[in-house]
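K.L.:
The structure is given below, and queries will be raised subsequently.
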Amino acid sequence: MLITAVLLAGLAIGQLPAEKPPQATPPPATPAPAQTAPKAPTVRPSITVLVTDRQGKPLPEIAVKATGTMEREGKTDSEGTIILRNLNAGTYRLRFESGGTITFEREITVSAGRPVKTTAELSPAPPPPPPPKPEPAPQPAAPPPPPVRPSGPPSSVSIPDFVEKNYISRGAPSKNSPVGCTATSTATLVQLREPLAEHSHAEADEMIYIVAGEGVQRIGSVDMNLTAGTFAVIPRGTPHTVTRKSNTPMIMVSILTGPPCDSGK
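So in my numbering, the last one in the sequence shown is 385, and the numbering has no gaps at all.
Below, the structure is given as structure tokens:
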């Protein structure tokens, strides 16, 4: 009541208390930005390969190449291991090569964020083929054959008539007269008084036909009687002798076969 009275008194005398000016409303505070946690780095997958032989022994120095969405390559270490890092997900073909193994390929699938471990067994390469044998040295050219005298026309001769016309002269030890000649043989009429010394024909077989008289043919230590009508064959290279036994000259036809015709025999 007292306060109301005072106020009324103040109004009456014009001494009301001064009115306070209105105060400004402060702006609302801006919230601080929220702290964002740093993103973890993306881990790209890798392929770890252990390369061994068929017995499980690690193989170092094997070239490995991965081909796919990316390419990686390298060589296995002393433990036979290689790691191909930072790959994209996808399918890769792995190729394994070295000088001592058979080249091998296989496919492998890599998933995002998941490393892959695998193995590969290589077989030894087959041994290289032996070097080709050297070509044989060319054989020396064979010497040309001796010229062959062409055969003449067919011929025939009467031995008795021929002997009568070409009889050995008195005192002559022997006489040789050609009676036939071809490209590979020579026929000679031989009239013999003195023995024929031991001789042979290296490149010709000799065939003897006794026309008249009598004698002995010796080959080594074997004697063979030669009488009219006897035919004898002496292989080439065989030493032999012929000796007359009759009082008259021994007459025979000697045919040498093999060498070219020689009408001078």
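Think of the CB as a built atom: it goes at the ideal place given N, C-alpha and C, for glycine as much as any other residue.
1) Identify, in the order they occur along the chain, each residue of the same chain with its Cβ nearer than 6 Å to the Cβ of VAL277, setting aside the five sequence neighbours on each side.
2) Who are ILE328's beta bridge partners in DSSP?
3) Using the Cα positions of ILE339 and THR358, report the straight-line distance between them to the nearest angstrom.
4) Taking GLY233 and PRO165 to be in contact with their CB atoms under 8 Å, please state how far apart those CB atoms are, rounded to whole angstroms.
5) Under 6 Å Cβ to Cβ from VAL310, same chain only, skipping five residues before and after it: list those, please.
6) So is ARG192 buried or exposed if we call it buried at 16+ other beta carbons inside 10 Å?
7) Excluding sequence positions up to five away, which residues of its chain have a Cβ less than 7 Å from the Cβ of MET190?
8) Mind checking GLN259: buried by the 16 CB within 10 Å criterion, or exposed?
9) Quick check on the burial criterion: 16 or more other C-beta atoms within 10 angstroms. Buried or exposed for ALA240?
10) In chain order, what residues of the same chain lie with their CB nearer than 7 Å to the CB of SER401, ignoring the 5 residues before and after it?
P.N.:
Walking through what the data contain:
1) VAL299
2) ALA352 and SER374
3) 8 Å
4) 6 Å
5) ASN296, MET372 and SER374
6) buried
7) LEU207 and ASN208
8) exposed
9) buried
10) Any property of residue 401 remains undetermined from this structure, which presents the chain solely from 121 to 385.
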